[in-house]
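Notes follow the structure.
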Amino acid sequence: MPDVATADATNTGWVRYGSNATYQKLRTTLHEFNHTLGTGTTDWWTGTAIVNGVYTGNTVNTLLKKITGKDAPLNGDKQHWWPYGLNQDSEVSSSWDYVYNCLIIEAMRKDGLPEWSSGTYTP
1365 MPDVATADAT NTGWVRYGSN ATYQKLRTTL HEFNHTLGTG TTDWWTGTAI VNGVYTGNTV
1425 NTLLKKITGK DAPLNGDKQH WWPYGLNQDS EVSSSWDYVY NCLIIEAMRK DGLPEWSSGT
1485 YTP
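Under the numbering used here, the very last position in the sequence shown is 1487; numbers go up by exactly one each time.
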């Protein structure tokens, strides 16, 4: 898409990629899929999930402690989260980073991350 410099997505389910092949990869795809699921694109994200730069959900923060071995919460802003949000290529050091990204999204769903079309997640 000529009007897309990197890639973008919304919680209505679409993802667009620009012509720069640097962004046409797995990391970018998972990152943009996170947005289609509601991270950085829903009122829940900016009104409930992220408060003062810290993710508030217990499921994610408990999982993150298991992954990292550290008692540090997930951080975020109005659009993105870290660690494991796959915001930049430099955040990927192994294929486990992709797995952790997906596990964290699943945990976010358990914390209340809404589906744009059908409400909350019931595991």
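We put the beta carbon where it would ideally sit given N, CA and C, even for glycine.
Beta-carbon proximity list for glycine 1417, same chain, < 8 Å, skipping 5 on both sides: Along the sequence shown, one-based indexing puts residue 1417 at 53. Excluding residues within five positions, the ones whose Cβ falls inside 8 Å are Asn1439, Gly1440 and Asp1441.
Proximity winner among His1444, Gln1443 and Asn1425, relative to aspartate 1435 (alpha-carbon distances): To locate residue 1435, count along the sequence shown from 1; it is residue 71. Per the Cα distances, Asn1425.
Same chain, Cβ closer than 7 Å to proline 1478, neighbours up to 5 away in sequence not counted: Indexing the sequence shown from 1 puts residue 1478 at position 114. Once the five neighbours on either side are set aside, the close Cβ partners of proline 1478 are Gly1402, Thr1406, Trp1408 and Thr1484.
Rounded Cβ spacing between leucine 1427 and leucine 1467 (contact assumed at less than 8 Å): Here residue 1427 refers to the residue found at position 63 of the sequence shown. Here residue 1467 refers to the residue found at position 103 of the sequence shown. Leucine 1427 to leucine 1467, Cβ: 6 Å. Contact.
Sequence-distant residues of its chain with Cβ nearer than 6 Å to methionine 1472 (five each side left out): The sequence position of residue 1472 within the sequence shown is 108, counting from 1. Contacts found: Val1424.
Extent of the continuous beta strand (DSSP E) run through valine 1379: Position 15 of the sequence shown, counted from the first residue, corresponds to residue 1379. Looking at the DSSP string, the run of the beta strand (DSSP E) that includes valine 1379 is 1379-1381.
Minimum C-alpha distance to lysine 1474 - residue among Glu1396, Asp1461, Thr1400 and Gly1421: In the sequence shown, the residue the question calls residue 1474 occupies position 110. Of the candidates Glu1396, Asp1461, Thr1400 and Gly1421, the one whose C-alpha sits nearest the C-alpha of lysine 1474 is Gly1421.
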